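If you're matching them up, the sequences are chains A and B in order.
Numbering-wise, this note's numbering comes out as the position in the first sequence, counting from 1, plus 161.
Numbering-wise, this note's numbering comes out as the position in the second sequence, counting from 1, plus 186.
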Amino acid sequence: MAERPEDLNLPNAVITRIIKEALPDGVNISKEARSAISRAASVFVLYATSCANNFAMKGKRKTLNASDVLSAMEEMEFQRFVTPLKEALEAYRREQKGKKEASEQKKKDKDKKTDAEEQDKGRDEDNDEDEERLEEEEQNEEEEVDN
Amino acid sequence: MPSKKKKYNARFPPARIKKIMQTDEEIGKVAAAVPVIISRALELFLESLLKKACQVTQSRNAKTMTTSHLKQCIELEQQFDFLKDLVASVPDMQGDGEDNHMDGDKGTRRGRKPGSSGRKNGGMGSKSKDKKLSGTDSEQEGSRLASDGLMLFLSLLTPALLPG
């Protein structure tokens, strides 16, 4: 797998937005400095990753997890990041939970809908095959369906 | 009216972050939450770096932040030690004449070869030169030097990157 240097760059648009928010009005940034900031971002990712990996290895884990990253921040002397990062983590988990619940809800709704449709289709001779298939699914392995 | 509200929308793409992480051969799997918090950490880090560099910029009465300002900021803060290699090839500031950290080979003025450091071009402390002008000059060189510096840095940090 070839690692190309350009892959190591983060999107300029996001970098630019961060720069804009961090600098006061009236202060500009040179092209070279902007580019250096972008590279610094990549370096930060690599450094943080390496630190986090040390913690994972200490825990004999092969998968980096969030707490490894938090530990890495402390190690890197960025303790003041820990609290906002924990908040970000919470927010992310809530978001994921919300998404999961939403998709589960969708699935439930879909099932309900399918049931209703099935009843309708029962009256329609053309859809006998479908009906059988659906019935099979519902009955699972508990009963053998005689087709 | 441009408001400097920080919305939580300066997020980096998780996939790209993960790709960068995995250039480190030691890295195996990464939990899904990790790129998300790294993205946030990045935002905090860049904000911190920029704000501190900006203090340097303003202390020099400059309106444009240059790599020299970044370099000085990095050298002043222990937290940013890991960035030192990144700016190693950036020429030291011409500045107010008191900043003569020409330690060893750092900070070439005109020449691109590290060996030619210390060569004075009208004097480091020359106040007759317009600061902005010299800033521009060093920027032009900076881009060439910086890319050399990047390759050097990358080779130091992740030897696997370079072919062969």
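Beta carbons are placed, not taken as given, at the ideal position from N, Cα and C, and that holds for glycine.
These numbers come from a predicted model, not from an experiment.
Identify every run of the alpha helix (DSSP H) within the region 214 to 284 of chain B, keeping only runs that are complete inside it and at least 4 residues long; order them along the chain. 219 to 245, 253 to 262 and 270 to 273
Alpha carbon of residue 148 of chain B to alpha carbon of residue 243 of chain A, nearest angstrom: In the structure displayed, chain B extends from 187 to 350; residue 148 of chain B sits before or after that span and is not available.
Contact list for residue 224 of chain A against chain B, beta-carbon separation under 8 Å: 214, 215, 216 and 217
Residue-chain proximity (residue 255 of chain A, chain B), Cβ-Cβ < 8 Å: no
Mapping DSSP to helix, strand and coil, what is residue 189 of chain A? strand
Members of the region 194 to 216 of chain A that neighbour chain B once the beta carbon cut-off is set at 8 Å: 194, 196, 197, 198, 200, 201, 202, 203, 204, 205, 206, 207, 208, 209, 210, 211, 213 and 214
What are the start and end residues of each continuous alpha helix (DSSP H) run of 4 or more residues lying completely inside the region 208 to 252 of chain A, in chain order? 227 to 236
Would residue 227 of chain A and residue 220 of chain B be called neighbours here (beta carbons separated by less than 8 Å)? yes
Are the Cβ atoms of residue 197 of chain A and residue 273 of chain B separated by less than 8 Å? yes
For the candidate residues A:176, A:179, A:253 and A:209, whose alpha-carbon lies nearest to that of residue 239 of chain A? A:209
With a threshold of 8 Å between beta carbons, is residue 312 of chain B in contact with chain A? Residue placement at residue 312 of chain B cannot be trusted, given a pLDDT of 44 that sits under 50; the coordinates are not used to answer.
How many Å lie between residue 245 of chain B and residue 246 of chain A at the Cα? 31 Å
Where residue 249 of chain B falls, given that 16 or more other Cβ within 10 Å makes a residue buried: exposed
Whose CA, out of A:236, A:234 and A:176, lies closest to the CA of residue 192 of chain A? A:176
Cutoff 6 Å; reference residue 216 of chain A; Cβ partners in own chain excluding five residues on either side: 229 and 232
Chain B contact residues for residue 238 of chain A, given Cβ-Cβ distances below 8 Å: 264 and 265
Find out if the Cβ-Cβ distance for the pair residue 163 of chain B, residue 239 of chain B is shorter than 8 Å. Only positions 187 to 350 of chain B appear in the structure, and residue 163 of chain B is not among them; the question remains open.
Using only the alpha-carbon positions, how far apart do residue 204 of chain A and residue 211 of chain A sit? 11 Å
With H, G and I counted as helix, E and B as strand and the rest as coil, what does DSSP make of residue 208 of chain B? coil
Do you know offhand how far residue 200 of chain B's Cα is from residue 233 of chain B's? 19 Å
CA nearest to the CA of residue 225 of chain B, picked from A:253, A:237 and A:185: A:253
Do we get a CB-CB distance below 8 Å when we pair residue 273 of chain B with the residues of chain A? yes
Going by DSSP, what residue range makes up the alpha helix (DSSP H) through residue 183 of chain A? 173 to 183
Could you have a look at residue 200 of chain B and say whether DSSP puts it in helix, strand or coil? helix
My guess is that residue 215 of chain B and residue 223 of chain A are in contact by the Cβ rule of under 8 Å, so how many angstroms apart are they, rounded? 6 Å
Which residues, taken in chain order from the region 241 to 257 of chain B, show a beta carbon closer than 9 Å to some beta carbon of chain A? 243, 244, 248, 249, 250, 251, 252, 253, 254, 255, 256 and 257
Determine the contact status of residue 249 of chain A and residue 223 of chain B, defining contact as a CB-CB distance below 8 Å. yes
What residues in its chain sit with their C-beta under 6 Å from that of residue 179 of chain A, if we drop five residues either side in the sequence? none
So with Cβ pairs under 8 Å, would you call residue 227 of chain A a contact of chain B? yes
CB contact check: residue 277 of chain B to chain A, cutoff 8 Å: no
Between the beta-carbon of residue 213 of chain B and the beta-carbon of residue 206 of chain A, is there less than 8 Å? no
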